[in-house]
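Worksheet: the structure to be examined is printed underneath.
Numbering (this note's numbering), first residue to last: 4 to 201.
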């Protein structure tokens, strides 16, 4: 499936490629296949490729960047894209402790969702999540695949600190905090439970 992409010059030496603004695996796999194709296409002018939920930032060496000519090249490459050529994926099992001493918002979430704590645990732990990308903190996993019953808005007032190993829900995603973190703005999600990454 080919998507209608938007291409924008981004700063002096980058092109931002945007897919439809949805978080889903079909878009992710399309982005990853396009990224892999660019990585293997002998583009000596490309300095970096950074993907997010629905975009790919292509950064060029400044001295070689010409927006119009590079745009033609990447559009031609996208047209020949075959998404079945994806890199091998791995399945990791993450041990999570749902004890209330760790899950400081678990009781609140149970009341908010009108679900028993056991049902929340079963729903959250039975899903297979997809790592969409890693960022915000070194090793922070942005995970898609959260069951819609657990979708929860971000906190209106964020916590000042999150402990290492916390697993959180924010909107329709869940994430894992690899290190203790101070929070900037409203980045912080609903803290549920914790595990040790190391």
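Built from N, CA and C at the ideal position, the CB exists for glycine as well. Model, not experiment: these values are computed from the prediction.
Beta-bridge pairing by DSSP links residue 163 to no other residue. Straight across, the Cα-Cα distance linking residue 113 with residue 49 is about 48 Å.
Counted as a single uninterrupted DSSP element, the beta strand (DSSP E) harbouring residue 10 occupies residues 9-12.
For residue 97, the three-state secondary structure derived from DSSP is coil.
Segment contact: the region 53-67 against the region 131-138, three or more CB-CB distances shorter than 8 Å; contact assigned. Using a Cβ-Cβ distance cut-off of 8 Å, the region 83-102 and the region 27-46 are in contact, since at least three pairs of beta carbons, one from each stretch, lie closer than that value. Here the region 105-123 makes no contact with the region 59-73; the two share fewer than three CB pairs at distances below 8 Å. Residue pairing by DSSP places residue 137 opposite 144 in a beta bridge. Residue pairing of residue 21 in beta bridges, as defined by DSSP: 9, 58. By the criterion of a C-beta distance shorter than 8 Å, residue 130 is surrounded in its chain by 148, 149, 150, once the five residues flanking it on both sides are discounted. About 6 Å separates the beta carbons of residue 146 and residue 178, which is inside the 8 Å limit, making them a contact pair. Restricting attention to 134, 14, 176, the CA atom closest to the CA of residue 94 is found in 134. Residue 97 counts as exposed, since fewer than 16 other C-beta atoms from the protein chains shown sit within 10 angstroms of its C-beta. Put simply, the backbone Cα of residue 157 is about 42 Å away from that of residue 45.
Nearest to residue 143 by alpha-carbon distance, out of 168, 128, 121, 125, is 168. Taking 8 Å as the cut-off, the Cβ atoms of residue 120 and residue 70 do not count as close.
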